[in-house]
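Residue numbers (our numbering), protein chains in the order written: chain A, 4 to 326; chain B, 17 to 311. Structure first, commentary second.
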């Protein structure tokens, strides 16, 4: 199968692109993982070219990593050290103090909410969004694939159309709905409006279509009903898809910006990403950059950890879907 | 792959129950607000919100006659063009290098995947810190090279800043897809060309690049969509649309006019225009990119 067959249908939002990444990554990671060392063959292998390649990659990676490194360094300095121009480029000795300060007290300027609370808010938000999306998508995909019922295609197209309605194009009216429902400054308000997911539904549908019909027949002979079949066959078979989707959707949920910006007016409900933005609104003189940078490191950490810790599952899911 | 199952379950109510959660959320938070936006785009409300009047396409006429909106449209086009072209070029260069690397390929890949996990708004803060006119390291270096940097005053520099942050954030994604495309090109083709005496540059431009064109086109559309809709966080955190309105891209303007300006009809009309853009881009993707997946 060529990788282009695997490219996802549609990508107009980060979550959607993520879905595409899932489907296509199946062809990216495993193969390259496997072919380390097998790519040279008969093509000339001049050492000069090889050195040049490494050089370009190292320079590229240095540039890509530079902002993260500087952020880390700044998060380990005192307020005065950060303000020195130019700032030093090796870590200072205030690492633990700075992180403890932001986690328990936040930045004194702009927003005073402790980042510890924001991290909890971000975590709850990201978990509800990722698990919620997976749950409602797997259920609707199951209904659409394994049942014939009136309006089935209508439901399918309605889910499809949500791809064309990203939150950016309907923010005011959606905000109005949420505020009319009294969901401003609640976890429900932060998450529920983002939980519908066409990408996840399509991904599950595509996967269900590959499950052999014999399994349904066997289940029927054994007298198992649809929900029994769902729990005992469909969900276990979908494990790797679920895990891979979780990684992508967790990052999507954790990194939300526009929606929490509208929905959280109460500091105790801020997510980490919003909290950072609030810390720098006071202008240069009022910004405690060493604390802002510590918060930025904390905001980057959980999504990076999820990718890192779930890499094996992630790659396995991708290998399995490679077919 | 079959588009339909041969064997299905039967139940008069269960499938409805299963799709219900998704449908409720879709109707309440997607369809109802979208309908409201469509409806409001045809209304004008007076300053006190006491009376509304149905005005047909008056809001759209006003919108397209508004110099502020047209300039926002131009900024968006320039911004997304730069993000797509620079992002694709850099990622393609790195992917071509990584494709032929023998040692450390996994390490390079792991390091390049990183920015994917960073929130757009956080990416903006990282670059904002580097380019901060008073204490940023990069701004300092530029100053000492005789290039005074102040994106708070200079419109082009502000645009440069958000382009850099947006490209940085998107490199991982482009890189992975280009690498996939490169690794799907049959080895035998490259070897045949090498045996015929075609050097690396020649092979790249006459074989590899044309064979990559489906991936490139796909990524081009994805990057434009990204620059249009997913960069709100970058703009808000890095420049807030300033200086003046130099970096006010369309999605940022909808937000500013709707939430800060409280111009309901105008903001709704802008939403409708954005919806039309999403629909057009979606159509392009379906028409020209994806034919294998059946819907």
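For glycine and all other residues, C-beta sits at the position ideal for the given N, C-alpha and C. Since the structure is predicted, the reported quantities are computational estimates derived from the model, not experimental observations.
Put simply, the backbone Cα of residue 157 (chain B) is about 11 Å away from that of residue 150 (chain B). CA-to-CA, the gap between residue 194 (chain A) and residue 96 (chain A) works out to about 39 Å. Less than 7 Å divides the Cβ of residue 248 (chain A) from the Cβ of residue 137 (chain A). With a threshold of 7 Å between beta carbons, residue 60 (chain A) makes contact with chain B.
Contacts with chain B (Cβ-Cβ distance below 7 Å) from the stretch 182-201 of chain A involve 195, 196, 198 and 199, listed in chain order. Any Cβ of chain B closer than 7 Å to the Cβ of residue 136 (chain A) would place that residue at the interface, and such an atom is absent. As the crow flies, the alpha-carbon of residue 221 (chain A) is around 25 Å from that of residue 32 (chain B). Assignment of alpha helix (DSSP H) within the stretch 42-99 of chain A, counting only whole runs of 4 or more residues, yields 50-77 and 82-86 in chain order. The Cβ of residue 244 (chain A) sits no closer than 7 Å to any Cβ of chain B. Looking at the DSSP output, residue 59 (chain B) bridges to B:70. Rounded to the nearest whole angstrom, the CA to CA distance from residue 253 (chain A) to residue 313 (chain A) is 11 Å.
The beta carbon of residue 54 (chain A) does not come within 7 Å of any beta carbon belonging to chain B, so the residue lies off that interface. With 16 or more neighbouring CB atoms inside 10 Å of its own CB, residue 271 (chain B) falls in the buried class. Exclusion of the five residues before and after residue 189 (chain B) leaves 132 as the residues of its chain whose Cβ lies within less than 7 Å of its Cβ. For residue 101 (chain A), no CB of chain B lies under 7 Å from its own CB, so it is not counted at the interface with that chain.
With a threshold of 7 Å between beta carbons, residue 38 (chain B) makes contact with chain A. Its Cα nearest to that of residue 102 (chain A), the residue A:300 stands out among A:93, A:300, A:283 and A:64. Looking from the CA of residue 77 (chain B), the closest CA among B:60, B:93 and B:68 belongs to B:60.
In the structure shown, the three-state DSSP call for residue 80 (chain B) is helix. The way I'd put it, the stretch 227-234 of chain B doesn't touch the stretch 249-266 of chain B; fewer than three beta-carbon pairs between them come closer than 8 Å. In this structure, residue 145 (chain A) lies near residue 233 (chain A), with their beta-carbon atoms less than 7 Å apart.
Residue 25 (chain B) sits in a strand when the DSSP states are folded into three classes. Looking at the backbone, the Cα of residue 54 (chain B) and that of residue 267 (chain B) are separated by about 17 Å. Annotation for residue 108 (chain A): 117 place their beta carbon closer than 7 Å to its own, counting only its chain and skipping 5 residues before and after. When C-alpha distances from residue 275 (chain A) are compared across A:110, A:192 and A:208, the shortest belongs to A:110. What residue 165 (chain B) touches in chain A, judged by beta-carbon distance under 7 Å, is nothing: the nearest beta carbon there is about 12 Å away. Assigned with DSSP and collapsed to three states, residue 302 (chain B) falls in helix. Shown here for residue 119 (chain A): same chain residues with a beta carbon closer than 7 Å to its own, the five before and five after excluded, namely 106 and 107 in chain order. Burial check for residue 186 (chain B): the Cβ neighbour count within 10 Å reaches 16 or more, so the residue is buried. Taking 7 Å as the cut-off, the beta carbon of residue 153 (chain B) is found closer than this to the beta carbon of residue 90 (chain A). Of the residues B:291, B:222, B:80 and B:89, the one whose Cα lies closest to the Cα of residue 51 (chain B) is B:291.
Closest by C-alpha distance to residue 278 (chain B), out of A:187, A:84 and A:179, is A:179. Taking 7 Å as the cut-off, the Cβ atoms of residue 256 (chain A) and residue 128 (chain A) count as close. Within chain B, not a single residue places a beta-carbon under 7 Å from that of residue 313 (chain A); the smallest gap is close to 12 Å.
Counting C-beta atoms within 10 angstroms of its own C-beta, residue 69 (chain B) has fewer than 16 neighbours from the protein chains shown and is therefore classed as exposed.
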